[in-house]
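*Asks:*
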Amino acid sequence: MVDEKSSRNQAYVLLNVDYKHQKDIINKARLLPTVANVKTMYGIYDLMIILESNDMGAIKKTIDVDLHELDGITNITSLVTVGIAGAILE
3 MVDEKSSRNQ AYVLLNVDYK HQKDIINKAR LLPTVANVKT MYGIYDLMII LESNDMGAIK
63 KTIDVDLHEL DGITNITSLV TVGIAGAILE
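Numbering-wise, the working numbering comes out as the position in the sequence shown, counting from 1, plus 2.
1) Based on Cα-Cα distance, which residue from D20, I61 and V40 lies nearest to N29?
2) Pull up the distance between the alpha-carbon of T50 and that of P35, whole angstroms please.
3) Which one of V37, N77, K25 and D20 has the shortest CA to CA distance from S55?
4) Using beta-carbon positions only, say whether I27 and L81 come within less than 8 angstroms of one another.
5) Closer than 6 angstroms by C-beta to V4: which residues in its own chain qualify, once you throw out the five before and the five after it? Chain order, please.
6) Would you mind stating whether I61 and L53 have Cβ atoms separated by less than 8 angstroms?
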C-alpha cells in the first residue's frame, strides 16, 4: 500500500539567481502553496525548490507562473517526477 505522502507529485526546481535577490526569492518561494522545501546550493545552481502536491496542475502553475514572477531569477531548470519507484507506470 502506498501512503498519501509518497503518492504526491513532486518536482525539483533548480534556480540560478542574482545574489542580491536570493534572500527575497527564498522568502517569497516559501509562501507558495506547493513549496515543500527551499535549499541553498553551491555549484552550478544557487537554489533548489522542492514542490509537492496531489495536483500536477498546481505544480505546473508554480513553475510556469509563480516562480517566473519573482525578480532576480536568471534561469529555471525543472525536474518533474513521473511515478513512484518500484511501481508500474500506467
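Built from N, CA and C at the ideal position, the CB exists for glycine as well.
*Replies:* Once the coordinates are examined:
1) Locating residue 29 in the sequence shown gives position 27, counting from the first residue. That would be V40, whose Cα lies nearest to the Cα of N29.
2) Locating residue 50 in the sequence shown gives position 48, counting from the first residue. Locating residue 35 in the sequence shown gives position 33, counting from the first residue. Inspection of the sequence shows that residue 50 is occupied by Met rather than by Thr. Each residue's CA atom was taken as its position, placing M50 and P35 some 16 angstroms apart.
3) One-based indexing of the sequence shown puts residue 55 at position 53. In terms of CA proximity to S55, V37 leads the group V37, N77, K25 and D20.
4) Counting from one through the sequence shown, the residue named residue 27 turns up at place 25. Counting from one through the sequence shown, the residue named residue 81 turns up at place 79. Going by C-beta atoms, I27 is not nearer than 8 angstroms to L81.
5) Taking the sequence shown and counting its residues from 1, the one referred to as residue 4 is at position 2. Model confidence at V4 stands at a pLDDT of 48, short of 50, so the residue's coordinates are unreliable; what they give is reported in the following sentence. Here the set comprises nothing.
6) Taking the first residue of the sequence shown as position 1, residue 61 is located at position 59. Taking the first residue of the sequence shown as position 1, residue 53 is located at position 51. Yes, Cβ-Cβ distance for I61 and L53 is below 8 angstroms.
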